[in-house]
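Visitor: In this note's numbering, the protein residues as written are 12 to 443.
Don't be surprised by glycine CBs; every beta carbon is placed ideally from N, CA and C.
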């Protein structure tokens with residue numbers, strides 16, 4: 012697995028990172044096992060299996076979690092040590108371990124470290140994250156790492172440390188990007204409690220996405236905390252929402268499709284939603300991974316509010332290609348089967364071609380279907396070009412054979428809509 016991690020190539024790392032560490036009494040934490048419980052800090056509708064690391068500072072325990080078939084199973088626990096002072100990290104040198112949502116960013120092999128201090132390697136985390144930065148928290152170099160055999164300290168400068176044999180086992184469990192949740196107190200739930208909590212967090216998310224997609228500005232704005240800061244330019248909540256309001260008016264119709272939703276909680280008052288987002292409107296078609304950080308809940312039961320967001324843009328072309336190929340395949344199959352209703356289901360009501368509207372096109376094709384006892388349609392070399400957010404030009408080589416006609420040409424289809432609901436709005440063909 013380590014070949015998937017990014018190795019640091021620097022020479023031996025100095026004591027600026029979590030030096031003066033470690034107790035030598037590590038190993039699996041047995042004082043209170045939660046192996047038979049479900050993690051109350053991990054929820055998902057993601058059918059892809061993945062791993063998560065949980066750290067409970069109060070019990071000095073690290074848990075490895077495997078999420079399988081949307082259920083988070085705790086598979087192992089380890090005794091760890093954390094920062095010398097209580098509370099979440101605020102500033103450089105405060106000897107505190109941060110609390111929040113982080114991700115594994117690198118693996119540092121032991122030959123790049125002081126083995127007496129850091130043992131058999133280290134996994135770096137992305138502290139400070141966007142929330143930490145927005146809150147003015149400082150510091151750096153927060154790692155999960157091994158421990159030198161001769162060290163007998165029982166605290167770190169802020170890192171999470173565990174025995175070398177446990178670190179060796181743990182690192183095979185991790186890849187670049189593995190989520191790490193550090194909390195003062197983790198939550199452990201039975202199945203009924205887990206499903207109830209999951210529904211609560213899912214409902215919040217669905218309400219947020221729906222208000223955005225439907226252009227409900229007031230509902231959408233109600234989700235944002237006054238302390239919110241935008242990722243790209245540091246916009247305040249007021250500036251960010253003013254821009255969103257303007258875009259909702261200019262482009263009133265949009266589609267927001269989410270997938271692979273993971274929900275992480277640090278405690279009852281901090282949530283992070285991580286999901287893939289496809290945004291489609293007349294002006295734009297974009298795809299990427301979004302992180303939403305919310306605070307609220309807690310003992311007072313306050314509504315959860317977004318305090319920060321991050322968006323990692325990814326190539327949208329594979330998504331378009333998937334949906335274009337699917338539509339063309341279904342369209343070709345309906346044509347070859349002479350199924351006029353299924354065939355026309357792929358056309359927009361606003362379709363126009365060769366001077367014919369959709370109704371006239373249907374009548375024309377229906378007549379051709381009846382005139383042919385059998386036909387074959389072969390398609391190859393499908394290509395597409397994005398004309399606008401909701402307009403895609405598709406071209407391919409088409410070979411058509413019936414009992415009366417045989418030809419080969421370049422077919423052009425112009426699709427309108429968003430991935431998943433594309434319809435043919437224009438069609439043309441030329442002989443080759």
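Would you say residue 300 and residue 325 are within 8 Å of each other, going by their C-beta atoms?
Guide: Within the chain shown, residue 300 is the residue found at index 289, counting from 1. Within the chain shown, residue 325 is the residue found at index 314, counting from 1. Going by C-beta atoms, residue 300 is nearer than 8 Å to residue 325.
Visitor: Using alpha carbons as the reference points, say which of 395, 417, 402 and 54 lies closest to residue 383.
Guide: As a working note, residue 383 is residue 372 in the chain shown. Minimum Cα distance to residue 383 is reached at 417.
Visitor: Expressed to the nearest angstrom, what Euclidean distance is found between the alpha-carbon atoms of residue 232 and residue 219?
Guide: Position 221 of the chain shown, counted from the first residue, corresponds to residue 232. Position 208 of the chain shown, counted from the first residue, corresponds to residue 219. If you take the alpha carbons of residue 232 and residue 219, they lie about 9 Å apart.
Visitor: Which of the three DSSP states is assigned to residue 56 in this structure?
Guide: As a working note, residue 56 is residue 45 in the chain shown. Coil, per DSSP.
Visitor: Quick check: what's the CA-CA separation for residue 81 versus residue 275?
Guide: One-based indexing of the chain shown puts residue 81 at position 70. One-based indexing of the chain shown puts residue 275 at position 264. Roughly 13 Å separates the two Cα atoms.
Visitor: Would you mind sorting residue 148 into buried or exposed? The rule is 16 or more other CB atoms within 10 Å of its CB.
Guide: Counted from its first residue, the chain shown places residue 148 at position 137. Classification of residue 148: buried, given that the 10 Å Cβ count is 16 or more.
Visitor: Identify which residue in 433, 397, 308 and 303 has its Cα closest to the Cα of residue 361.
Guide: As a first step, residue 361 must be located in the chain shown, where it is residue number 350. When only C-alpha atoms are compared, the closest one is 433.
Visitor: Going by the beta-carbon positions, is the gap between residue 334 and residue 431 smaller than 8 Å?
Guide: Your numbering for residue 334 matches position 323 in the chain shown. Your numbering for residue 431 matches position 420 in the chain shown. Yes; because the gap between Cβ atoms is below 8 Å, this pair is in contact.
Visitor: Applying the 10 Å Cβ sphere with the 16-neighbour rule, what's the burial state of residue 424?
Guide: As a first step, residue 424 is located in the chain shown; it is residue number 413 there, counting from the start. Per the 10 Å Cβ criterion, buried.
Visitor: Which residue or residues does DSSP assign as beta-bridge partners of residue 169?
Guide: Here the question's residue 169 lines up with position 158 in the chain shown. None, per the DSSP bridge assignment.
Visitor: In the DSSP assignment, find the beta strand (DSSP E) that holds residue 111 and state where it starts and stops.
Guide: Along the chain shown, read from residue 1 onward, the residue named residue 111 stands at position 100. First-last of the beta strand (DSSP E) with residue 111: 111-119.
Visitor: Under 8 Å: do the segment 126-141 and the segment 109-118 share three or more Cβ pairs, one atom per stretch?
Guide: Touching, per the Cβ criterion.
Visitor: Determine whether the beta carbon atoms of residue 144 and residue 95 lie at a separation below 8 Å.
Guide: Numbered from 1 along the chain shown, position 133 holds the residue referred to as residue 144. Numbered from 1 along the chain shown, position 84 holds the residue referred to as residue 95. Not a contact, by the Cβ cut-off of 8 Å.
Visitor: Around the C-beta of residue 100, are 16 or more other C-beta atoms found within 10 angstroms, so that it is buried, or is it exposed?
Guide: Start at 1 with the first residue of the chain shown, and residue 100 comes out as number 89. When all chains shown are included, residue 100 counts as buried.
Visitor: Considering only the alpha carbon of each residue, which of 298, 415, 379 and 291 lies closest to residue 224?
Guide: The residue given as residue 224 occupies position 213 in the chain shown. Per the Cα distances, 291.
Visitor: According to DSSP, what are the bridge partners of residue 190?
Guide: Locating residue 190 in the chain shown gives position 179, where the first residue counts as 1. According to DSSP, which records beta bridges pairwise, residue 190 is partnered with 114.
Visitor: Rounding to the nearest angstrom, what Cα-Cα distance links residue 427 and residue 359 in this structure?
Guide: Here residue 427 refers to the residue found at position 416 of the chain shown. Here residue 359 refers to the residue found at position 348 of the chain shown. So the alpha carbons of these two residues sit roughly 8 Å apart.
Visitor: Of all the options 113, 66 and 56, which has the alpha carbon lying nearest to the alpha carbon of residue 90?
Guide: Taking the first residue of the chain shown as position 1, residue 90 is located at position 79. Per the Cα distances, 66.
Visitor: What span of residues does the alpha helix (DSSP H) with residue 263 cover, start to end?
Guide: As a position in the chain shown, residue 263 is number 252, starting the count at 1. Careful: residue 263 lies outside any alpha helix (DSSP H) and carries neither H nor E.
Visitor: For residue 146, which three-state DSSP category applies?
Guide: Along the chain shown, one-based indexing puts residue 146 at 135. The answer is coil: DSSP assigns residue 146 none of H, G, I, E or B.
Visitor: From the DSSP output, which residues share a beta bridge with residue 275?
Guide: Along the chain shown, one-based indexing puts residue 275 at 264. Paired residues: 53 and 283.
Visitor: How many angstroms separate the CA atom of residue 272 from the CA atom of residue 217?
Guide: As a working mapping, residue 272 is identified with position 261 in the chain shown. As a working mapping, residue 217 is identified with position 206 in the chain shown. When rounded, the distance between both Cα atoms is 11 Å.
Visitor: Pick out whichever of 332, 50, 70 and 56 has its Cα sitting closest to the Cα of residue 63.
Guide: Locating residue 63 in the chain shown gives position 52, counting from the first residue. The shortest C-alpha separation from residue 63 is found at 50.
Visitor: Is residue 322 helix, strand or coil by DSSP?
Guide: Your numbering for residue 322 matches position 311 in the chain shown. Strand.
Visitor: Could you name the residues of the same chain whose beta carbon sits closer than 7 Å to that of residue 441, not counting the 5 residues immediately before and after it, in chain order?
Guide: Along the chain shown, one-based indexing puts residue 441 at 430. Correct list, in chain order: 420 and 421.
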